[in-house]
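Asks: Residue numbers (UniProt numbering): 1 to 217.
Positions of the beta carbon are idealized from the N, C-alpha and C atoms, including for glycine.
Note that the structure is predicted; figures quoted are calculated from it, not measured.
To start, I am sharing the structure in question, which I have written as structure tokens.
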Amino acid sequence: MAEHKLEALVRSVIGNKRAVRRLRKQGFVPGVVYGPDIEPLSISIRKTNLIKLLHEVTEASAITLNVKDDSGKEVFSHVAFIKNVQYDKLTDEVKHIDFYVPEKGHKMNINIPIEFVGKPKGVEKGGVIEVIHHELPVETLPSVIIEKLEIDISNLNLGESLHVSDLKLPEGMEAELPENEPIITVAVPRGMEVEGEETAEEPVEPEVIEKGKKEEE
């Protein structure tokens, strides 16, 4: 897993809109760190550093968060995860960010991004990929979290699906979807015949027609 680090400052003024606006004008983004084992801590992060980080991480990325006071003394250092990012509806700028510090030895709920690798055999035959889940919700120990789940789909044929039960997850991580839930499917386009279907239907048709003729006589 890649190592991600972020530095922040303790934010002393809380609940003051004017102070928050001043903070943003100075190039900082307000945020908060919380978790079951720590007291909530209001912080500010240099906007350029935060934007760079957001381009590198996902919800499942472990981030070493170092927080210092105005004198430069470190007051907080924990592994945290991004829980929520608020954006401006008009400018799409980052307005606020929440970090979550999980409880040691206890499981947490998180979404793991899924990355599909390879080109399915069914696509070569005219099939169409249908992705049902781009992320996998899991309950996991923080120590076994992976930033993304790579899935090889090259062996998927026409009409075949890959299900939750087919996934290989680290020990200490459990999917929060049913085992029979499809993750990705190689769909058969409408009007396209799959090998084996045509021969199964042919013997039935003459019998139906023949029976109809006898009834008419």
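Identify whether His122 lies in helix, strand or coil by the three-state DSSP scheme.
Replies: It should be pointed out that residue 122 corresponds to Gly in this sequence rather than to His. Correct three-state label for Gly122: helix.
Asks: Please report how far the alpha carbon of Glu7 lies from the alpha carbon of Lys107, in whole angstroms.
Replies: One C-alpha to the other measures close to 26 Å.
Asks: Can you find at least 3 beta carbon pairs, one from the segment 153-167 and one from the segment 115-130, that sit closer than 8 Å?
Replies: Taking 8 Å as the limit for Cβ pairs, the verdict is that the segment 115-130 does touch the segment 153-167.
Asks: Which partner residues of Ile112 appear in the DSSP bridge assignment?
Replies: In the DSSP output, where bridge partners are listed per residue, Ile112 has Leu136.
Asks: Since Asn49 is in the alpha helix (DSSP H), which residue starts that stretch and which ends it?
Replies: Element bounds for Asn49: 47-54.
Asks: Tell me which residue opens and which closes the beta strand (DSSP E) that Val13 is part of.
Replies: Premise fails: Val13 is in no beta strand (DSSP E) and is neither H nor E.
Asks: Looking only at C-alpha atoms, which of Glu135, Phe116, Gly31 sits nearest to Val186?
Replies: Checked all of Glu135, Phe116, Gly31; the closest Cα to Val186 is Phe116.
Asks: Am I right that Ile51 and Val13 are in contact with their C-beta atoms under 8 Å? What's the rounded C-beta distance?
Replies: The pair is not a contact, with the Cβ atoms about 23 Å apart (cut-off 8 Å).
Asks: Quick check: Asn66 and Ser77, are their CB atoms within less than 8 Å of each other?
Replies: Yes. Within cutoff.
Asks: Ser165 by DSSP, collapsed to three states: which one?
Replies: Helix.
Asks: Could you please give me the residues that DSSP links to Glu130 through a beta bridge?
Replies: Thr185.
Asks: Can you give me the Cβ contacts of Ser154 inside the same chain, cut-off strictly under 8 Å, excluding the 5 residues immediately before and after it?
Replies: The answer, listed in chain order, is Val117, Gly118, Lys119, Pro120, Lys121.
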